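Only one structure is covered here, and it is reproduced in the block below.
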């Protein structure tokens, strides 16, 4: 199953020069290499609500010239492949950033969009059912296993 995972601004996000967002997916304790990504912002500005901030599976560097004549939105994610999905799988999205150092503000500012060819999920991180581990300053592990299983169920549904 091909899955795209993206981080979107839920509220205005203020960006400073050299801010970054790194994403990676850990499946049962193993890094999914194709999921690793880094978005580096080389400008000062604001990302307005509803715009993409980061996505898995690619590296992007945004220079000030990227802003000319348009409202900023990060590049789309590349799809990552989940071959076998077991109900017991432990699947986490790890976010490393210097934009938010603690989870309180980040949870209010962003949401995840997880999409397959059959279904799209929009997941505000401030929902009470979201399980997140604050691993260190600026590093967060979000349990996305239930959402991947939901997409897999939609894929195999007749």
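In my numbering, the protein residues as written are 4 to 161.
C-beta atoms are modelled at their ideal positions from N, C-alpha and C, and glycine is treated no differently.
Predicted model, so just to flag it, every value in this text is computed and none were measured.
Taking C-alpha atoms, which residue in the options lies nearest to residue i?
i           : options              : result
residue 48  : 134, 68 and 32       : 68
residue 75  : 51, 6 and 22         : 51
residue 111 : 26, 148, 12 and 97   : 12
residue 27  : 139, 36 and 19       : 36
residue 109 : 129, 94, 123 and 92  : 129
residue 6   : 16, 135 and 116      : 116
residue 107 : 85, 122, 45 and 142  : 142
residue 3   : 33, 34, 15 and 54    : The question about residue 3 has no answer here: the residues shown for the chain are numbered 4 through 161.
residue 145 : 123, 122, 99 and 121 : 99
residue 15  : 25, 42, 62 and 102   : 102
residue 135 : 70, 77, 42 and 114   : 114
residue 44  : 32, 78 and 33        : 78
residue 127 : 121, 140 and 150     : 150
residue 61  : 24, 133, 94 and 32   : 24
Is the Cβ-Cβ distance between residue i and residue j less than 7 angstroms?
i          : j           : result
residue 30 : residue 88  : no
residue 38 : residue 83  : yes
residue 59 : residue 73  : no
residue 9  : residue 80  : yes
residue 96 : residue 159 : no
residue 4  : residue 85  : yes
residue 42 : residue 63  : yes
Across which residues does DSSP place residue i in a beta bridge pair?
i           : result
residue 9   : 58 and 116
residue 65  : 44
residue 26  : 40 and 98
residue 33  : 30
residue 75  : In DSSP, residue 75 forms no bridge with anything.
residue 123 : 118
For the alpha helix (DSSP H) that contains residue i, what are its first and last residues?
i           : result
residue 148 : 148-159
The beta strand (DSSP E) that contains residue i, what's its start and end?
i           : result
residue 17  : 16-18
residue 135 : 135-139
Assuming residue i and residue j are in contact, meaning their beta carbons sit under 8 angstroms apart, how far apart are those beta carbons, in whole angstroms?
i          : j          : result
residue 17 : residue 46 : With a Cβ gap of about 11 angstroms, residue 17 and residue 46 do not count as contacting.
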